[in-house]
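Engineer:
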Ligand code: TYD
């Protein structure tokens, strides 16, 4: 089965005046971008996420600073330390995620495949495992 999570590397243009990275929807992101949101002013001891999505796919970038993303598909777990604005973490649907260990001034930008929809969230880990199991 295709990977439920993966790092995506964006192009960048290095220049003495500073580096530049760009994102063209269809070309660099495996879904049509319907929403962009960002986390900022995050206290360093904050834990975000703690849920999965039934439909939503996302790509998470650390635009500034760094943080950890813990992912869990119900069968496989991994930790990613995001700190390079050129490298995003793709998450398919049905991936439990937690974001923590935010550095001072960290900014997390998220590209999302659908508008915000509360009914798409699974906020109970045991319900998540049950739904993942039922899909296998
Ligand atoms: P939530 O997704 O729980 O945050 P995180 O996963 O980063 O911990 O969202 C927090 C609040 O913000 C919740 O009340 C819903 C609201 N929200 C929106 O209104 N639109 C959005 O696009 C997002 C991501 C959240």
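Residue numbers (UniProt numbering): 7 to 142. The beta-carbon is built from N, C-alpha and C at its ideal position, and this holds for glycine as well. Keep in mind that this is a model prediction, so the values were computed, not measured.
Between 22, 17, 24, 21, which lies nearest to residue 30 when the distance is taken from Cα to Cα?
Structural biologist: As a first step, residue 30 must be located in the chain shown, where it is residue number 24. When only C-alpha atoms are compared, the closest one is 17.
Engineer: What whole-angstrom Cβ distance do residue 65 and residue 103 have, given they're in contact under 8 Å?
Structural biologist: Stepping through the chain shown from its first residue, residue 65 is reached at position 59. Stepping through the chain shown from its first residue, residue 103 is reached at position 97. Rounded, the Cβ-Cβ distance is 12 Å, inconsistent with contact.
Engineer: On the DSSP letters alone, give me the boundaries of the alpha helix (DSSP H) that residue 137 sits inside.
Structural biologist: Stepping through the chain shown from its first residue, residue 137 is reached at position 131. Note, residue 137: alpha helix (DSSP H), 131-141.
Engineer: Just checking residue 45 against ligand 1 - is the residue's beta carbon closer than 7 Å to any of the ligand's heavy atoms?
Structural biologist: Position 39 of the chain shown, counted from the start, is the residue given in the question as residue 45. Indeed, a heavy atom of ligand 1 lies less than 7 Å from the Cβ.
Engineer: If the criterion is Cβ atoms closer than 8 Å, does the pair residue 59 and residue 122 meet it?
Structural biologist: Working through the chain shown from its first residue, we reach residue 59 at position 53. Working through the chain shown from its first residue, we reach residue 122 at position 116. Against a cut-off of 8 Å, the Cβ pair of residue 122 and residue 59 comes out as no contact.
Engineer: Using 7 Å as the cut-off, classify the Cβ of residue 100 as near or not near the heavy atoms of ligand 1, replying yes or no.
Structural biologist: Sequence index remark: in the chain shown, residue 100 carries index 94 (1-based). Because no heavy atom of ligand 1 lies under 7 Å away, the Cβ of residue 100 does not count as near it: no.
Engineer: Have a look at residue 114 and residue 68 and give me their C-alpha separation to the nearest angstrom.
Structural biologist: For this step, residue 114 is matched to residue 108 along the chain shown. For this step, residue 68 is matched to residue 62 along the chain shown. Going from the Cα of residue 114 to the Cα of residue 68 covers about 5 Å.
Engineer: Please indicate yes or no: does the CB of residue 41 lie closer than 7 Å to some heavy atom of ligand 1?
Structural biologist: Here residue 41 corresponds to residue number 35 of the chain shown, with the count starting at 1. Answer for residue 41: yes, Cβ within range of ligand 1.
Engineer: In chain order, which alpha helix (DSSP H) runs of at least 4 residues are fully inside the UniProt domain "Sugar 3,4-ketoisomerase QdtA cupin" (12-138)?
Structural biologist: DSSP runs (the alpha helix (DSSP H)) wholly in the UniProt domain "Sugar 3,4-ketoisomerase QdtA cupin" (12-138): 31-34.
Engineer: Would you say the beta carbon of residue 55 is closer than 7 Å to some non-hydrogen atom of ligand 1?
Structural biologist: Stepping through the chain shown from its first residue, residue 55 is reached at position 49. Checking every heavy atom of ligand 1 against the Cβ of residue 55, one is found closer than 7 Å.
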